[in-house]
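In my numbering, the protein residues as written are 67 to 275.
No residue lacks a Cβ here, since even glycine has one placed at the ideal position from N, Cα and C.
These notes are about the structure you will find just below.
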């Protein structure tokens, strides 16, 4: 780290790794909110990781609402995020016109997700521990993993000490997915993705990145 502001936010950093440039991070802040990030690393050294991807280079790459919620992230192609009265994201709009719409219960429990990409719409309903996709039962969630209802096969999570799902195995013991993490729980690498919600103890949706 090469500098912090008075609130402890990182102003700039230098990283050394698999890139042709020794400096590949520059963080610009507006007040106490991130405004812009430039990254000169052009390729990822890991499969399906969550490392930062520099999608644009302009003055204002991030916007926020009066509550401090992120409303725009141009590096991820997100042009707008709308929030409901519970301060939860309700509609995410992307630069290609795609949208993700969320429906919640009064207590904030997620009930439905609708992904629209071009002419394709995928609706996912969460009914207790049963997940439906376009009206068809897809997954039965269990404490140990999940059951794919199309073939009635069990899949189990092997967790680390932080509760992250590190490995997914099937009922025969075959490894179907392996996840590697940074110390702060960000996903570093995913090998052979196989499920909708398998990467952490919290729900993860990988559509639209």
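Report all residues from its chain with a CB closer than 7 Å to the CB of residue i; omit the five preceding and five following residues, and keep chain order.
i           : result
residue 206 : 195, 196, 212, 213, 215
residue 241 : 233, 235
residue 158 : 144, 147, 165, 166
residue 125 : 102
For residue i, which residues from the same chain have a beta carbon less than 6 Å from its beta carbon, with the 5 sequence-adjacent residues on both sides left out?
i           : result
residue 87  : Confidence at residue 87 is low in this model, with a pLDDT of 46, below 50, so the placement of that residue is unreliable and no value is reported for it.
residue 135 : 149
residue 232 : 224, 226, 245
residue 161 : 143, 145
residue 100 : 128
residue 190 : 179, 199
residue 210 : 222
residue 73  : 98
residue 169 : 177, 178
residue 171 : 177
With residue i and residue j assumed to form a contact (beta carbons below 8 Å), what rounded beta-carbon distance in angstroms separates them?
i           : j           : result
residue 234 : residue 221 : 6 Å
residue 129 : residue 153 : Wrong, their Cβ atoms sit about 16 Å apart, outside the cutoff.
residue 183 : residue 156 : Wrong, their Cβ atoms sit about 18 Å apart, outside the cutoff.
residue 122 : residue 141 : 6 Å
Where does residue i fall in DSSP's three states?
i           : result
residue 225 : strand
residue 119 : coil
residue 215 : coil
residue 77  : strand
residue 72  : coil
residue 154 : coil
Are residue i and residue j touching if we call contact CB-CB under 8 Å?
i           : j           : result
residue 103 : residue 131 : no
residue 180 : residue 187 : yes
residue 219 : residue 230 : no
residue 192 : residue 204 : no
Residues in its own chain within less than 8 Å of residue i by CB, not counting five upstream and five downstream?
i           : result
residue 174 : 152, 154
When you measure from the CB of residue i to every non-hydrogen atom of the ligand PLP, does any distance come out below 7 Å?
i           : result
residue 176 : For the ligand PLP, the structure offers nothing, since it holds no ligand at all.
Checklist entry - Counting only runs that start and end within the segment 142-190, where is the beta strand (DSSP E) found for 3 or more residues in a row? => result 144-149, 155-160, 165-170, 176-183
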